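Quick note on numbering: the sequence shown equals residues 91 to 569 in my numbering.
Here the structure comes first, spelled out in structure tokens, and everything after it is commentary.
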Amino acid sequence: MAQHNGKFCKLTKAERLKRLTKAREARWKENQSSQPSCSAPISDIPFPYVDHAYNQLGIQPVVSQQEEVKSEDVDELGWRCGRRIVELGVLADGLKACQLCDHPLHLTDCVGEKKFGLAHILMVKCHYVECGLVNDVPTGSRHKTTNCASAWDVNTKLAAGMINGGFGESHVNGFLSSLNIPTITQSTLKSREREITPHLHKMAEDSCNKHLREEISMSDGNLTAGFDGAWQKRGTGRAYNSLTGQASLIGNKTKKCIGISVMGKRCRICEHAEKKGVPPRNHNCCRNWSGSAKAMEPAMACEMLQGIKDQGNRVQTLVMDNDSTTIARVKATVDPAITKKSDSNHTRKGFTGSLVELGNTHKILKNNRVRSHIERCFMYCVKQNSGNSTKLADDLNKIVPHLYGEHSECGTLCKSDKTNYKPKNLPYGKPLSDQSLRVALESLMNKYTQNADELVDLGSTQNNENFNHTVASKAPKRL
Numbered sequence: 091m092a093q094h095n096g097k098f099c100k101l102t103k104a105e106r107l108k109r110l111t112k113a114r115e116a117r118w119k120e121n122q123s124s125q126p127s128c129s130a131p132i133s134d135i136p137f138p139y140v141d142h143a144y145n146q147l148g149i150q151p152v153v154s155q156q157e158e159v160k161s162e163d164v165d166e167l168g169w170r171c172g173r174r175i176v177e178l179g180v181l182a183d184g185l186k187a188c189q190l191c192d193h194p195l196h197l198t199d200c201v202g203e204k205k206f207g208l209a210h211i212l213m214v215k216c217h218y219v220e221c222g223l224v225n226d227v228p229t230g231s232r233h234k235t236t237n238c239a240s241a242w243d244v245n246t247k248l249a250a251g252m253i254n255g256g257f258g259e260s261h262v263n264g265f266l267s268s269l270n271i272p273t274i275t276q277s278t279l280k281s282r283e284r285e286i287t288p289h290l291h292k293m294a295e296d297s298c299n300k301h302l303r304e305e306i307s308m309s310d311g312n313l314t315a316g317f318d319g320a321w322q323k324r325g326t327g328r329a330y331n332s333l334t335g336q337a338s339l340i341g342n343k344t345k346k347c348i349g350i351s352v353m354g355k356r357c358r359i360c361e362h363a364e365k366k367g368v369p370p371r372n373h374n375c376c377r378n379w380s381g382s383a384k385a386m387e388p389a390m391a392c393e394m395l396q397g398i399k400d401q402g403n404r405v406q407t408l409v410m411d412n413d414s415t416t417i418a419r420v421k422a423t424v425d426p427a428i429t430k431k432s433d434s435n436h437t438r439k440g441f442t443g444s445l446v447e448l449g450n451t452h453k454i455l456k457n458n459r460v461r462s463h464i465e466r467c468f469m470y471c472v473k474q475n476s477g478n479s480t481k482l483a484d485d486l487n488k489i490v491p492h493l494y495g496e497h498s499e500c501g502t503l504c505k506s507d508k509t510n511y512k513p514k515n516l517p518y519g520k521p522l523s524d525q526s527l528r529v530a531l532e533s534l535m536n537k538y539t540q541n542a543d544e545l546v547d548l549g550s551t552q553n554n555e556n557f558n559h560t561v562a563s564k565a566p567k568r569l
């Protein structure tokens, strides 16, 4: 019996290890290098060291060799071409010793590589003649997925970066190609995307619950939240047929998201199974809505508010646009006592839209300056009478007489007390005179006067709009 590293072993193995050690020492004494040095002239560097095809540097490579697309898992020449994403620590550990003879490995002895997306396994042959084992040296770390399969960390990170950047597989491969990094297949990228999706959902849910607790502690029980929805496909004003939609609840105090909801009408896995007439395979289905895209918004509002109610909390005031369907659905199915606060921006847009609609029958309202002047008078009354619905209703009734030159009750609404006063935003600096337009404007103002209680304390859903903009940057809208 002989000893090796303090352990007993067979005599034949000990003699073999001695020969391996002797050969290793002899190899280290040799001063040979198969890789060209940095000091070598560029014309002496073989073709595999060249970067992209457009970087000629005085070299005339073979075009067919340059444009060849290799589909094999093992590439004996391609590992020298282009760039790789490598974890230096993992690579150093893999090159530390041969798996058979424990002798150090050298990267120059690589005889090929196996590609797994952005990850690779380098096939490094042991330099010692009596060993010659081809070792598998990984370039990155791996992890176990939920189904106990093995996945490369770099591919999972790439899928997360793709979602965060808001682009898809073709953009990822275009970027990698520009860096001369081997591309990744769509199936690999999609698998890693499906792997991280449940974790992203869990993170979003935990974040909303955390922000909800903060909002409750800051609001002293009077929970006020802004609500707004959005769709991935742009609405034209006539057709709302988006297949997906999302909505958010954002706290009034923290300005943070306390609830989210996502709805989709299609799932390709389910549709493929239905087309074949077989049950769908086990998957995380994203189809949770079968109604119209327009009906998604009320349903998402009810879903989020009911979720908060199930946790033992309650939203007293909901800041939203002037969509009567949503608030009616919420009061009917979730909380009859909830109150609505109109959004100032949507209120202004709604008033301007009414003026534009009147412009179809009254040409003077097609003038942008005239419409802007009427809109400015309206918003001035709303802003100046915050908290006083009676005064707001009175001032709204003064707008139409003001436009027609009747300033006896205007007060601070205009500067008619000055001499030579002219309404510079009206045509020719003169008051309006169309009586049919006056009747239409009075009817419009009466509608807002009757709802002065909702206008007296306007809220803002600007934070929800910012959230929708962020979502659109991750999942861009399409026409």
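Glycine residues also receive a C-beta, built at the ideal position from the N, C-alpha and C atoms.
The structure displayed is predicted, hence computed values, not measured ones.
{"Item": "If the criterion is Cβ atoms closer than 7 Å, does the pair G256 and K567 meet it?", "Value": "no"}
{"Item": "Could you pull out every residue in the same chain whose Cβ sits closer than 6 Å to the Cβ of S129, ignoring the five residues on either side in sequence?", "Value": "Unreliable placement is indicated for S129, whose pLDDT of 41 sits below 50; the coordinate value is still reported in the next sentence. Contacts found: none."}
{"Item": "To the nearest angstrom, report how far apart G549 and H436 are at their CA atoms.", "Value": "10 Å"}
{"Item": "How big is the Cα-Cα spacing for T236 and E285?", "Value": "8 Å"}
{"Item": "For chain C, is any of its Cβ atoms less than 7 Å away from the one on I340?", "Value": "In the structure shown, chain C does not exist; there is a single protein chain."}
{"Item": "Quick check: what's the CA-CA separation for C357 versus P370?", "Value": "10 Å"}
{"Item": "What residue does the beta strand (DSSP E) around Q336 start on, and which one ends it?", "Value": "T334 to G341"}
{"Item": "Look up A209 in the DSSP assignment and give the residues it is bridged to.", "Value": "F206"}
{"Item": "Taking the alpha helix (DSSP H) that C360 belongs to, which residues open and close that run?", "Value": "R358 to K366"}
{"Item": "Which residues bound the beta strand (DSSP E) around P388?", "Value": "That residue, P388, is in no beta strand (DSSP E); its alpha helix (DSSP H) goes M386 to D400."}
{"Item": "From what residue to what residue does the alpha helix (DSSP H) around K488 run?", "Value": "S479 to L493"}
{"Item": "Considering only DSSP beta bridges, list what I350 is partnered with.", "Value": "S338"}
{"Item": "Please classify L208: is it buried, with 16 or more other beta-carbons within 10 angstroms of its beta-carbon, or exposed?", "Value": "buried"}
{"Item": "Assign D318 to buried or exposed, taking buried as 16 or more other Cβ atoms, counted over all protein chains shown, within 10 Å of its Cβ.", "Value": "buried"}
{"Item": "Express the C-alpha separation of T229 and V262 in angstroms, rounding to a whole number.", "Value": "20 Å"}
{"Item": "Less than 7 Å between the beta carbons of Q396 and V424, yes or no?", "Value": "yes"}
{"Item": "Out of M410, C238 and K247, state which residue places its alpha-carbon closest to the alpha-carbon of K551.", "Value": "What sits at residue 551 in the sequence shown is Thr, not Lys. Measuring from the Cα of T551, the nearest candidate turns out to be M410."}
{"Item": "Based on the DSSP secondary-structure assignment, which residues constitute the bridge partners of S240?", "Value": "K234"}
{"Item": "Alpha carbon to alpha carbon, what distance is there between D226 and N558?", "Value": "47 Å"}
{"Item": "Can you name the start and end residues of the alpha helix (DSSP H) that A315 belongs to?", "Value": "Premise fails: A315 lies in the beta strand (DSSP E), L313 to W321, not in any alpha helix (DSSP H)."}
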